[in-house]
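Participant:
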Amino acid sequence: MSRVTKYWDKYRERHKAENPEDLIDKSYISFLEVQLERVSQAVLLTQNFSERIENVQSQLNSAEEKIINLTRLVKLQQNFAETQEEEINSMKAQLEGIDGGGRYYGLEGQKNKDKSHHIEEEISQLEEKLKIVLQKTENFEDQRNKSYEKFVRDVNSALKATEEKVMSYLTHAINSTEIQKSGIKKNFEGLTDEGDKELEEELNEFQLKSERNKEIRGLMSFGAGGDLPELKQIWAKLEEFGNFKDYIEKIVMEKDTEIKEATEMVWASERTCNRLAEDCTSKISDCERAVKDLEQFLVATAKEIKKIEIAQGIRPIDTDEIEKNITEKVNETVNKIGDLVKKYFNSQQDLQKEVKVLASKFYGKSTVPPLSPKFKSPIRKTEKPDKSDKPPISPLTNTLQELETSLTQSRHKRSISSDAEKHSKDDDSHELKHKSRSKSPKLKLSKKVKSTSSLTPDRKRSKSSSKSKSRSRSRSRSNSKTRTKSISELQLSPKSTKKSLAMESSIRQKIVDMKAKEEEEEQKISQKTVKRHSKLDKKKKKLEKLEKIYQKLSARDLK
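Using our numbering, you'd call the opening residue of the sequence shown number 847 and step up by one each time.
Rendered as structure tokens:
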């Protein structure tokens, strides 16, 4: 510090002002302020000039890029003009060749006239063959009607067999559970009554003997000085009393084991009931799956029949009545099965309630009279069954709810599918009408088909009201012949079944491909969003850095 002070003193001596009052003068201070303002303005001007220079440089760069792009466009236009010239030349050469060949084809036109006459003769022969084919198709329709009747019989027999099996299985399960319930109740009540009676008798005897024992102890204290023979007898009786006490404890332990075995039997019966219920629900779900597969098969066959009829020029026959009958039968069977399952569930709930009541009676407040603190009641000493040892409550509530939801969903899907099929059939019928008008009168006469009243508006309104349902049923009875034809069309040849399977497989593959494409698109979209977010984050970071730099520079300028 000494060196600094010396240097400062020397500097002051050298640069000492002649009149120090000038430094404090206001005019001098204002002069300095003006100079500072000029300096700051110069600094700001330099900054503005630097920014303008940067903008000019960026504009120059963009202009250079535009010039480069324009040169590229000029080159591309030159190439395009050259290719157009080449194409025009090639077209001219082709036109010259066509003019020369037209003269040659003029001679062949006369030869084609003879061929057209020959083709007309072949068309007349084909019309005669079509008549023969129509007769064969009528015979084929008769055979198809017969084969479909057999199919309907087989379906009805299969439905009846499944109904009988399910009914027998459920009735057997209900009867077995009721028998087990009644037997368990009787055994449990008998055991509890006998145990209570025996315990009361033994406890009364035990109380009498304890009172006698007190009297004997008083006598022993009274005659403790001498060896009396009565005391020996009393000691012998006391030993007998101790043996009797051990015997009572053994009986109590045996009864506890019997009660535990009875409770285990109850829980085992409940487990069997739960297993039976689960088996019933699994069988019902299998039946529903079979019904859904059958409906899908019927829809696919109906679509293929429509395609075949459109290709042959025959009017499509409505199959709504057949589907209605089948769906009504299936719904009736499913409703019956649901009612049986509900009855079974209610019976099982009653059994569980009775078991809980018996358990509360046994493990709740005891009817045994109180004993001395030395000999507490053995029933209270017995441990209650833990909650962990008990099996879980029967899952029939969840299964019933799932069954009801599945039934409602299946009915809703069937109604939607029937509406869609009606609309598609209406569209097909309109298309066939337009096609039939454009055809020749010969084909119209040869292709006579029985008219059906399946596309009337009354049948479309049959689902909205119950009255229209009765009308459609009466009309379906009157038009039994048309029904047999529409029913017969559902039985197809093995070729059509193969086609339907191929169609189903192709549709499934398309659905899988669509799902895969959607997943790929979602992945691409997610990747794009991730990239965008990353770019935005980078931009934000850059802006933050620039703001920090600007703040630092502004702080320096202020200093």
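Backbone N, C-alpha and C fix where the C-beta goes; we use that ideal spot for every residue, glycine too.
Do you know offhand how far Gln1195's Cα is from Ser1128's?
Facilitator: Each residue's Cα considered, the two are about 20 Å apart.
Participant: For a test of the three-state rule: what should DSSP assign to Asp960, helix, strand or coil?
Facilitator: Asp960 falls in the helix class under three-state DSSP.
Participant: Look up Asp871 in the DSSP assignment and say whether it is helix, strand or coil.
Facilitator: Coil.
Participant: Decide if Val1137 is buried, meaning its Cβ has at least 16 other Cβ atoms within 10 Å, or exposed.
Facilitator: With 16 or more Cβ atoms within 10 Å of its Cβ, Val1137 is classed as buried.
Participant: Inspect the beta-carbon positions of Leu1005 and Thr1179 and report whether they are closer than 8 Å.
Facilitator: The answer is yes: Cβ separation under 8 Å.
Participant: Quick check on the burial criterion: 16 or more other C-beta atoms within 10 angstroms. Buried or exposed for Ser1334?
Facilitator: Note that Ser1334 scores a pLDDT of 39, beneath 50, so its modelled location is shaky; the value from the coordinates is reported in the next line. Answer is buried; the Cβ neighbour count reaches 16.
Participant: Looking at Lys1186: is its Cβ nearer than 8 Å to the Cβ of Met1360?
Facilitator: With the sequence shown as reference, residue 1186 is identified as Leu, and Lys is not the correct amino acid for it. Against a cut-off of 8 Å, the Cβ pair of Met1360 and Leu1186 comes out as no contact.
Participant: Taking the Cβ atom as the reference point for each residue, do Ile1130 and Ile1097 lie within a distance shorter than 8 Å?
Facilitator: It is not a contact, given that the beta carbons lie outside the stated cut-off.
Participant: Taking the straight line between their C-alpha atoms, what separation do you get for Leu906 and Ser873?
Facilitator: Roughly 49 Å separates the two Cα atoms.
Participant: Under a Cβ-count criterion, where at least 16 other Cβ atoms within 10 Å of its own Cβ denotes burial, should Thr1109 be classed as buried or exposed?
Facilitator: Buried, by the Cβ-count rule.
Participant: Since I believe Thr1023 is in contact with Ser1193 (beta carbons under 8 Å), could you give me their beta-carbon distance rounded to a whole number of angstroms?
Facilitator: Right, the Cβ-Cβ distance comes to about 6 Å (below 8 Å), so this counts as a contact.
Participant: Output yes or no for whether 8 Å exceeds the beta carbon distance between Cys1133 and Thr1017.
Facilitator: No. Outside cutoff.
Participant: Helix, strand or coil for Lys1285? Go by DSSP, reduced to three states.
Facilitator: Residue placement at Lys1285 is flagged as unreliable, the pLDDT there being 41, under the threshold of 50; the coordinate-derived value follows with that caveat. Looking at Lys1285 - three-state DSSP - the assignment turns out to be coil, as it is neither helix nor strand.
Participant: How would you call Ile934, buried or exposed, if buried means at least 16 neighbouring beta carbons within 10 angstroms?
Facilitator: Exposed, since its Cβ has fewer than 16 Cβ neighbours within 10 Å.
Participant: By a C-beta neighbour count over all protein chains shown, 10 Å radius and 16 as the cutoff for buried, is Ile1443 buried or exposed?
Facilitator: Any property of residue 1443 remains undetermined from this structure, which presents the chain solely from 847 to 1405.
Participant: So which of Glu1104, Arg898, Gln1142, Tyr857 has the shortest CA-CA distance to Ile1030?
Facilitator: Comparing Cα-Cα distances from Ile1030 to each of Glu1104, Arg898, Gln1142, Tyr857, the minimum goes to Glu1104.
Participant: To the nearest angstrom, report how far apart Gln924 and Glu931 are at their CA atoms.
Facilitator: Whole-angstrom Cα-Cα distance: 11 Å.
Participant: Taking buried to mean at least 16 other C-beta atoms within 10 Å of its own C-beta, is Leu1122 buried or exposed?
Facilitator: Leu1122 is buried by the Cβ-count criterion.
Participant: Just the C-alpha distance for Glu840 and Lys1188, rounded to the nearest angstrom, thanks.
Facilitator: Because the chain is modelled from 847 through 1405, residue 840 falls outside the range shown and cannot be assessed.
Participant: Report, in whole angstroms, the separation of the C-beta atoms of Ile1094 and Phe1052, which I expect to be a contact under 8 Å.
Facilitator: 7 Å between Cβ atoms; contact.
Participant: Apply the 10 Å Cβ neighbour rule to Arg990 and answer buried if 16 or more other Cβ atoms are within range, or exposed otherwise.
Facilitator: Buried, because 16 or more other Cβ atoms sit within 10 Å of the Cβ of Arg990.
Participant: So, is Thr1147 buried or exposed, given that buried needs 16 or more other C-beta atoms within 10 angstroms?
Facilitator: Label assigned to Thr1147: buried.
Participant: Please report how far the alpha carbon of Arg860 lies from the alpha carbon of Phe877, in whole angstroms.
Facilitator: Approximately 24 Å between the Cα atoms of the pair.
Participant: In angstroms with no decimal places, state the Cα-to-Cα distance between Arg858 and Lys852.
Facilitator: Spanning the two alpha carbons is a distance of roughly 10 Å.
Participant: Asp880 to Gln893, Cα distance in whole Å?
Facilitator: According to the sequence as given, residue 880 is Val; it is not Asp. The alpha-carbon atoms of Val880 and Gln893 are separated by roughly 20 Å.
Participant: Decide if Lys1370 is buried, meaning its Cβ has at least 16 other Cβ atoms within 10 Å, or exposed.
Facilitator: So Lys1370 ends up on the exposed side.
Participant: Exposed or buried, Lys1101, counting other C-beta atoms within 10 Å across all chains shown (16 or more means buried)?
Facilitator: It counts as buried.
Participant: Nearest CA to the CA of Lys1175: which residue from Asn1002, Lys1199, Glu910?
Facilitator: Among Asn1002, Lys1199, Glu910, the Cα nearest to that of Lys1175 is on Asn1002.
Participant: Taking the straight line between their C-alpha atoms, what separation do you get for Glu1046 and Lys1011?
Facilitator: Rounded to the nearest angstrom, the two C-alpha atoms are 52 Å apart.
Participant: Suppose the cutoff is 7 Å on Cβ atoms and the five residues either side in sequence are ignored; what does the same chain contact list for Asn1033 look like?
Facilitator: The answer, listed in chain order, is Ala1108.
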